[in-house]
Amino acid sequence: MKKLFFLLIAAMIILTACAPQQSGPAKAELPAGKAYAEGKEIYFIHTEASDSEVAEKLTGMMKSPVILVPSLANVPVESLANVYVFTNGIAGSGPFGFQPDVFDNPPGTDGYTPLRRLNVVAWVDETKARELMSAAEVLDAETAGELTIEQPGVVINMPFVLWDGGQR
415 MKKLFFLLIA AMIILTACAP QQSGPAKAEL PAGKAYAEGK EIYFIHTEAS
465 DSEVAEKLTG MMKSPVILVP SLANVPVESL ANVYVFTNGI AGSGPFGFQP
515 DVFDNPPGTD GYTPLRRLNV VAWVDETKAR ELMSAAEVLD AETAGELTIE
565 QPGVVINMPF VLWDGGQR
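So the mapping is simple: my numbering equals the position in the sequence shown, first residue as 1, plus 414.
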């Protein structure tokens with residue numbers, strides 16, 4: 415009886431060792447945020463931020479750690495693209511509960527970089543807010559006096575994962 419038991423255990427160990435193993439590169443799942451770039455819907459991830467409050471807010475919102483990297487704030491301005499985040503206006507999936515973020519320079523454009531300078535957008539008259547889907551629309555609304563844009567000096571690493579004409 416003992417011999418049979420040990421043979422069964424040995425067979426199980428051999429079968430387990432011979433079982434197919436995962437092949438190819440390892441995969442990880444990260445929660446993606448929805449936003450707009452040049453009038454199209456895109457998806458992106460937050461990986462690092464230069465400000466602790468922003469990193470905490472994004473970590474809580476996405477339920478995935480956004481790492482604090484203060485040195486990102488030292489990246490030269492010419493190496494950054496912009497992200498516009500709304501603090502009032504149309505309700506939506508943005509970090510403050512309003513419309514999705516708007517990005518300039520998506521992949522495939524000369525100015526693409528995943529490093530984004532935070533631009534905090536507020537409608538002057540919230541009753542006239544409308545959904546904006548491109549950086550040009552945001553800047554036109556600012557020029558028309560419809561909204562204000564503040565740059566708090568925060569840099570966030572926000573690579574695109576799905577965009578018009580591409581995906582990772």
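Cβ atoms here follow ideal geometry from the backbone N, Cα and C, with glycine treated the same way.
Go ahead and pull the three-state DSSP assignment for residue i.
| i | result |
| --- | --- |
| Leu546 | coil |
| Asn488 | helix |
| Val575 | strand |
| Thr557 | helix |
| Thr461 | coil |
| Glu455 | strand |
| Glu443 | coil |
| Val552 | helix |
| Thr523 | coil |
How is the beta strand (DSSP E) around residue i delimited, first residue to last?
| i | result |
| --- | --- |
| Ala469 | Per DSSP, Ala469 belongs to no beta strand (DSSP E); it is in the alpha helix (DSSP H), 466–476. |
| Arg582 | That residue, Arg582, is in no beta strand (DSSP E); it is neither H nor E in DSSP. |
| Asn496 | 495–500 |
| Val534 | 529–537 |
| Phe517 | 515–517 |
Rounded to the nearest angstrom, how far is the Cβ of residue i from that of residue j, given a contact under 8 Å?
| i | j | result |
| --- | --- | --- |
| Val499 | Leu529 | Between Leu529 and Val499 the Cβ distance is about 15 Å, and since that is not below 8 Å, they are no contact. |
| Val489 | Val552 | Val489 to Val552, Cβ: 22 Å. No contact. |
With a CB to CB cut of under 7 Å and the five nearest residues on each side skipped, what residues in its chain are close to residue i?
| i | result |
| --- | --- |
| Glu452 | Pro520, Ser548 |
| Trp537 | Asn502, Gly503, Ala543, Glu560, Leu561 |
| Gly508 | Val499, Phe500, Pro514, Asp515 |
Hey, would you say residue i sits closer than 9 Å to residue j, going by beta carbons?
| i | j | result |
| --- | --- | --- |
| Ser464 | Leu486 | yes |
| Pro445 | Lys477 | yes |
| Phe574 | Ile481 | no |
| Phe512 | Asn496 | no |
| Glu545 | Gly580 | no |
| Thr523 | Ser493 | no |
| Pro566 | Val535 | no |
| Gly474 | His460 | no |
For residue i, which residues from the same chain have a beta carbon less than 6 Å from its beta carbon, with the 5 sequence-adjacent residues on both sides left out?
| i | result |
| --- | --- |
| Lys454 | Asp578 |
| Arg582 | Val575 |
| Phe510 | Thr501 |
Enumerate in chain order the residues of its own chain whose CB-to-CB distance from residue i is below 8 Å, with the five nearest sequence positions on each side excluded.
| i | result |
| --- | --- |
| Ala469 | Glu462, Ala463, Val480, Ile481, Leu482 |
| Gly525 | Ala495, Asp518, Asn519 |
| Val491 | Arg531 |
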